[in-house]
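Working notes, structure below.
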Amino acid sequence: MFKKIGIISHPEIDRISLIVKIIEKLQDNTVKEVMASDLEIKESEITSMDVELAIILGGDGTILWSIKELKCDPLLLCIKAGKVGYLTELDVSDVENTLRGIDLLLEDKFMIDERSKLRVDGDADALNEVSIFPVLPASLLEFNVNAKIEGLVEELPNFRADGVLVSTQTGSTAYSLSLGGSIIHPKTSAFILTPINAIGGLQKPLVVPDNAEISIKLERKDRDAYLLCDGIIVKKLHPPDEVTIKKSEDVVIRGAKLKSLTYLNFCIGNNRTFGSPSIRSLSLRYSSFLS
């Protein structure tokens, strides 16, 4: 049983009635709910939240932001209430199924699914991908990339491109996929390096083991760039700046996994439910339940 549960809601979603029902269900289970006034949770309140389960209502942007701001290590239950919901399992449009899913979670009928994150220069983390883009649109950057794998440094030929991504297994179904990158099964210990419209050198996505330490250096002196983690600008880069990306050792996202749903079902587009077609098999399963 979860003793403390936090509810994080995008302040603009029009689903107050569902949130009230969720609170009532939690209270019925003698759970202490942790919630900001009027459902408008500020950044400072999220960072200080100390809960065992976080219920997040919103789109993918809200979910990624919440994961970034949460300093505790809760189990995550993500409910789609925005335009994009690839990181969600439940949907606010199906109240009955959402409430049933919460029941199953409170009854401990779930499996734990863990996902790793990337760490950049020792201080910034990304769940989906780390990306580098030019400050000026339509201007090519030149990259020098090498990967240190088990003590051996493998250097790639320099290449020019509109940008470059390093994605996790989770992020392989996000931006990298739209660039022609491969889908990496979450149980595969690998990351994917994806160039954006490259000229020369690395022109196709490259899969590397997740114990690799990837270094990316800007070579062209007159082209500044932005470093982003999950679409959020972390800092501005000035040639010959270099960033180092590797698997985060101490940051793992924990979610509940539905036994009857598989990652391959998602990849081939099959949808399965435990009672309604609104519960889907998706790439990042923070909250899936045992039927």
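Using numbering that gives the first Met the number 0, you'd call the opening residue of the sequence shown number 0 and step up by one each time. Cβ atoms here follow ideal geometry from the backbone N, Cα and C, with glycine treated the same way.
Would you call residue i buried or exposed, if buried means 16 or more other Cβ atoms sit within 10 Å of its Cβ?
i	result
Met-48	buried
Leu-17	buried
Gly-199	exposed
Asp-229	buried
Asp-93	buried
Ser-171	buried
Arg-337	With the chain covering only 0 through 290, there is no way to say anything about residue 337.
His-9	buried
Glu-291	As shown, the chain starts at 0 and ends at 290. That puts residue 291 outside it, with no answer to give.
Gln-202	exposed
Ala-146	buried
Leu-117	buried
Gly-179	exposed
Ile-15	exposed
With DSSP as the reference, please indicate the residues paired to residue i in a beta bridge.
i	result
Ala-224	Pro-133, Leu-236
Ser-8	Leu-56
Glu-128	Ser-166
Lys-245	Arg-118
Lys-67	According to DSSP, Lys-67 bridges with nothing at all.
Val-251	Ser-115
Ile-231	Cys-228
Return the CA-CA distance between residue i and residue j, expressed in angstroms with no decimal places.
i	j	result
Lys-79	Leu-98	13 Å
Ile-300	Leu-76	The requested residue 300 does not occur in the structure, where the chain is confined to residues 0 to 290.
Leu-236	Asp-223	6 Å
Ile-4	Ile-62	16 Å
Ile-252	Val-119	17 Å
Lys-108	Arg-219	54 Å
Met-110	Asp-122	30 Å
Leu-25	Asn-210	41 Å
Ile-232	Ala-125	11 Å
Leu-155	Ile-21	52 Å
Val-19	Ile-7	13 Å
Pro-208	Leu-86	24 Å
Ser-36	His-184	Only weak support exists for where Ser-36 lies, its pLDDT of 43 falling under 50; the value from the coordinates is given anyway. Going by the C-alpha atoms only, they are around 40 Å apart.
Ile-45	Thr-187	32 Å
Leu-105	Cys-71	19 Å
Glu-149	Ser-65	34 Å
Ser-181	Ile-101	33 Å
Lys-234	Glu-128	15 Å
* Taking only runs that begin and end inside the segment 187 to 222, name each unbroken alpha helix (DSSP H) of 4 or more residues, in chain order. => none
* To do: Say whether the segment 209 to 225 touches the segment 237 to 244, bearing in mind that this needs 3 or more beta-carbon pairs closer than 8 Å, one atom from each stretch.
  => Yes, they touch.
* Please determine if the segment 170 to 189 and the segment 131 to 147 are in contact, where contact requires at least 3 C-beta pairs separated by less than 8 Å. => no
* **Uninterrupted beta strand (DSSP E) stretches inside the segment 135 to 174 (no shorter than 3 residues)** => 140 to 148, 151 to 154, 158 to 160, 162 to 166
* To do: Taking only runs that begin and end inside the segment 70 to 123, name each unbroken beta strand (DSSP E) of 3 or more residues, in chain order.
  => 74 to 79, 110 to 119
* Asked: Are three or more beta carbon pairs between the segment 146 to 165 and the segment 186 to 202 nearer than 8 Å?
  -> Yes: at least three Cβ pairs fall under 8 Å.
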